[in-house]
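Under my numbering, the first residue of the sequence shown carries the number 334, and numbering increases by one thereafter.
I have placed the structure first, in the form of structure tokens, so that the comments after it can refer back to it.
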Amino acid sequence: MKVTLLHYTPLEVCAHAIRTCWQSFDKSDEGGEKDRALIDRVGNKYKHASTLEHLVYTFYIQGVSRALLQELARHRMASLSVKSTRYTLKELKETEPFDENDFEGASHFIVLTHHEEVDRASIRALNNLQSLLKQGVSNDYAKFALPECYKTELTWTINARSLQNFLALRSNKSALWEIRKLAYTLYDHLPEDHRYLFEDFLYSEEAP
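Printed below as a string of structure tokens:
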């Protein structure tokens with residue numbers, strides 16, 4: 334799993350949005366301590382969380398499973414653009430079949446759980462998909478045989494209010510281990526001066 338923060342909204346934009354309500358622009362310190370405290374007070378402590386929607390983050394997320402992708406789809410207030418299997422399955426078609434114990438080689442295409450029986454079954458599924466492609470089955474049909482562990486990547490854009498909700502749900506120990514890892518990784522890639530807005534939404538136990 335690899336996460337890259339591509340773009341984010343400066344804090345002063347959110348502070349400006351909040352100060353619009355009271356026309357208190359003269360009290361701004363251009364995203365400094367006063368503005369940071371204002372954002373936390375209004376957005377978190379007073380629960381006017383809609384003001385946090387002015388903060389937006391765009392991440393490039395690589396090497397995650399399609400099982401995780403399904404979990405991401407449940408978070409409505411986010412935009413995602415996903416690597417197309419329709420156009421990219423040729424990567425798999427052009428390789429040789431994998432031995433069931435070749436975990437390292439197969440990990441280029443699938444997310445491993447480190448449960449050996451599950452991972453061997455995933456490699457068999459990968460080989461079955463590859464066999465269909467080599468037989469000339471079109472990607473549009475072959476992709477129905479994709480295993481859940483098949484790796485994908487996406488560009489994901491989310492606002493701060495929705496990200497708080499995501500972190501609260503997905504950092505919890507009851508969440509799928511892979512998306513739990515993603516939640517902590519996303520937090521680690523936030524701008525350092527933004528993290529204070531999300532600290533209370535992370536599950537307190539150690540990250541996976």
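By construction, the Cβ of each residue, glycine as well, lies at the ideal position given by its N, Cα and C atoms.
Just how far apart, CA to CA, sit Asp-473 and Leu-425? For the purposes of this step, residue 473 is identified with residue 140 of the sequence shown, where counting begins at 1. For the purposes of this step, residue 425 is identified with residue 92 of the sequence shown, where counting begins at 1. Their Cα atoms are separated by approximately 15 Å.
Kindly indicate which residue of Ala-475, Ser-398, Gly-396 has the alpha-carbon position closest to the one of Tyr-420. Along the sequence shown, read from residue 1 onward, the residue named residue 420 stands at position 87. Among Ala-475, Ser-398, Gly-396, the Cα nearest to that of Tyr-420 is on Ala-475.
Quick check on Ser-471: buried or exposed, where buried means 16 or more other Cβ atoms within 10 Å of its Cβ? For the purposes of this step, residue 471 is taken as the residue at position 138 of the sequence shown. So Ser-471 ends up on the exposed side.
Verify whether the separation of the beta carbon atoms of Pro-480 and Ile-512 is less than 8 Å. By one-based count along the sequence shown, residue 480 stands at place 147. By one-based count along the sequence shown, residue 512 stands at place 179. It is not a contact, given that the beta carbons lie outside the stated cut-off.
Ser-412 by DSSP, collapsed to three states: which one? If you number the sequence shown from 1, residue 412 lands on position 79. Reduced to three states, the DSSP call for Ser-412 is strand.
For Val-444, name the three-state secondary structure that DSSP assigns. Here the question's residue 444 lines up with position 111 in the sequence shown. DSSP places Val-444 in coil when its eight states are reduced to three.
Helix, strand or coil, according to DSSP, for Gly-364 in the structure here? As a working mapping, residue 364 is identified with position 31 in the sequence shown. The answer is coil: DSSP assigns Gly-364 none of H, G, I, E or B.
Does the distance from the CB of Phe-531 to the CB of Leu-509 come in under 8 Å? Residue numbering aside, residue 531 sits at position 198 when the sequence shown is read from its first letter. Residue numbering aside, residue 509 sits at position 176 when the sequence shown is read from its first letter. No.
Please state the DSSP three-state secondary structure of Gln-468. Here residue 468 is taken as the residue at index 135 of the sequence shown, counted from 1. Gln-468 falls in the coil class under three-state DSSP.
Inter-residue spacing [alpha-carbon to alpha-carbon] between Trp-489 and Leu-339: Numbered from its first residue, the sequence shown carries residue 489 at position 156. Numbered from its first residue, the sequence shown carries residue 339 at position 6. The straight-line gap from Cα to Cα measures roughly 10 Å.
Residue range of the beta strand (DSSP E) that includes Thr-298: Because the chain is modelled from 334 through 541, residue 298 falls outside the range shown and cannot be assessed.
What is the C-beta distance between Ile-394 and Glu-539, in whole angstroms, given that I count them as a contact (C-beta under 8 Å)? Numbered from its first residue, the sequence shown carries residue 394 at position 61. Numbered from its first residue, the sequence shown carries residue 539 at position 206. Not really, about 22 Å apart at Cβ, beyond 8 Å.
Would you call the CB atoms of Asp-368 and Asp-359 closer than 8 Å? Indexing the sequence shown from 1 puts residue 368 at position 35. Indexing the sequence shown from 1 puts residue 359 at position 26. Taking 8 Å as the Cβ cut-off, Asp-368 and Asp-359 do not qualify as a contacting pair.
Closest by C-alpha distance to Asp-435, when choosing among Lys-423, Leu-385, Asp-452, Asn-461: What you label residue 435 is simply residue 102 of the sequence shown in a count that begins at 1. Ranking the options by Cα distance to Asp-435, first place goes to Asp-452.
Pick helix, strand or coil for Leu-479, following the three-state DSSP scheme. Position 146 of the sequence shown, counted from the start, is the residue given in the question as residue 479. Three-state DSSP puts Leu-479 in coil, outside helix and strand.
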